[in-house]
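Undergrad: Take 1 as the starting number for the sequence shown in the numbering used here and just add one per residue.
Cβ coordinates follow ideal geometry from the N, Cα and C atoms, glycine included.
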Amino acid sequence: CIARAVAVSPEVILMDEPCSALDPIATAKVEELIDELRSNYTIVIVTHSMQQAARVSQRTAFFHLGKLVEVGET
Numbered sequence: 001c002i003a004r005a006v007a008v009s010p011e012v013i014l015m016d017e018p019c020s021a022l023d024p025i026a027t028a029k030v031e032e033l034i035d036e037l038r039s040n041y042t043i044v045i046v047t048h049s050m051q052q053a054a055r056v057s058q059r060t061a062f063f064h065l066g067k068l069v070e071v072g073e074t
């Protein structure tokens, strides 16, 4: 799925829970890939994992009931 997104050279890649239901080893590999792609693409990730957000993001935004309540450096 990530390969298909990258194949069309988008400006932004949107990922909704990219590591959902993955084991820790597979999660680490996806996070490494995200880190590699970061140099060429803007990547927006939706996650419920605060730990994952801290590992892979440069900026974090929090939404509550559909409203943006906070944005800042991770």
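Give the straight-line distance between the Cα atoms of threonine 60 and leucine 22, rounded to the nearest whole angstrom.
TA: Cα-Cα distance, rounded: 22 Å.
Undergrad: At a cut of 8 Å, does the region 10–27 reach the region 36–51 through at least three beta carbon pairs?
TA: Flag = yes, the region 10–27 and the region 36–51 touch.
Undergrad: What does valine 8 pair with, by DSSP beta-bridge criteria?
TA: DSSP, once it has assigned bridges, lists no residue as partnering valine 8.
Undergrad: Could you give the residue range of the beta strand (DSSP E) that holds arginine 38?
TA: Unbroken run through arginine 38: none, as it is neither H nor E.
Undergrad: Name the two residues that bound the continuous beta strand (DSSP E) containing alanine 61.
TA: Looking at the DSSP string, the run of the beta strand (DSSP E) that includes alanine 61 is 59–64.
Undergrad: Compute the beta-carbon to beta-carbon distance between valine 56 and glutamate 73, rounded to the nearest angstrom, for a pair I have assumed lies under 8 Å.
TA: Contact flag wrong, Cβ pair sits at about 14 Å.
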